[in-house]
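Trainee: Right, I'll just put the structure down here and ask away after.
Numbering (the numbering used here), first residue to last: 1 to 181.
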């Protein structure tokens, strides 16, 4: 009987182990080759549709100074859509930002467009909109200084934005070069 209880307890831990990113974490993804891949190190960020930076699943490399709306199931088939990348709209669960870069993500497809509209009015209007978006949990901002910035599981600390990212903007400092240059 004790053996059955012990086995049931261990089986119950299996999902918890995988959610801790012990098997395939972002650090392992980075060390296993991403840090030597010029298309990644020369980029601004990488967005993953699975926790723990699982590159075996769908991911999107965001170029430096790139911005836009992510594709969803319907928009990816629409030839008039301005969406970019694979079908990961509302499906991002982990991300990595490259050194010297800042990634902004919104939970609405119009998030970036609305922010740019306010920024065009004035610095103060843009700043106010930025604060409102963050306060209402409609936006996250991640910056990386000298090392990569990793978010292994958006649902852990930013549950409101888990699988709810639709638009983005990624900017990098002009003075910092991509890793390896």
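Backbone N, C-alpha and C define an ideal beta-carbon position, used for all residues, glycine too.
Check residue 57 in the structure and name its three-state DSSP category.
Mentor: Counted from its first residue, the chain shown places residue 57 at position 57. Looking at residue 57 - three-state DSSP - the assignment turns out to be coil, as it is neither helix nor strand.
Trainee: Do you know whose CA, among 148, 121, 114 and 149, lies nearest residue 132's CA?
Mentor: Along the chain shown, read from residue 1 onward, the residue named residue 132 stands at position 132. For residue 132, the nearest C-alpha among the options comes from 114.
Trainee: Can you find the residues in the same chain that come closer than 6 angstroms, C-beta to C-beta, to residue 141, ignoring five residues on each side of it along the sequence?
Mentor: Taking the chain shown and counting its residues from 1, the one referred to as residue 141 is at position 141. Closer than 6 angstroms at the Cβ level, and outside the excluded window around residue 141, lie 104.
Trainee: Report, in whole angstroms, the separation of the C-beta atoms of residue 99 and residue 148, which I expect to be a contact under 8 angstroms.
Mentor: Here residue 99 corresponds to residue number 99 of the chain shown, with the count starting at 1. Here residue 148 corresponds to residue number 148 of the chain shown, with the count starting at 1. 6 angstroms between Cβ atoms; contact.
Trainee: Helix, strand or coil: which one does DSSP assign to residue 173?
Mentor: Position 173 of the chain shown, counted from the start, is the residue given in the question as residue 173. If DSSP states are grouped into helix, strand and coil, residue 173 belongs with coil.
Trainee: Short of 7 angstroms in beta carbon distance, which residues of its chain neighbour residue 63, apart from the five on each side in sequence? Order them along the chain.
Mentor: The residue you call residue 63 lines up with position 63 of the chain shown. If we look at residue 63 and ignore the five residues flanking it on each side, its Cβ neighbours are 43 and 44.
Trainee: Have a look at the DSSP bridge pairing and note the partners of residue 102.
Mentor: Indexing the chain shown from 1 puts residue 102 at position 102. Beta-bridge pairing links residue 102 to 143 and 171.
Trainee: Can you give the Cα-Cα distance for residue 79 and residue 67, rounded to whole angstroms?
Mentor: Position 79 of the chain shown, counted from the first residue, corresponds to residue 79. Position 67 of the chain shown, counted from the first residue, corresponds to residue 67. So the two alpha carbons sit approximately 19 angstroms from each other.
Trainee: Relative to the alpha-carbon of residue 158, which residue among 82, 22 and 136 has its alpha-carbon at the smallest distance?
Mentor: The count along the chain shown starts at 1 and reaches residue 158 at position 158. Checking every option, the nearest Cα to that of residue 158 belongs to 136.
Trainee: In this structure, does DSSP put residue 44 in helix, strand or coil?
Mentor: Here residue 44 corresponds to residue number 44 of the chain shown, with the count starting at 1. Residue 44 falls in the coil class under three-state DSSP.
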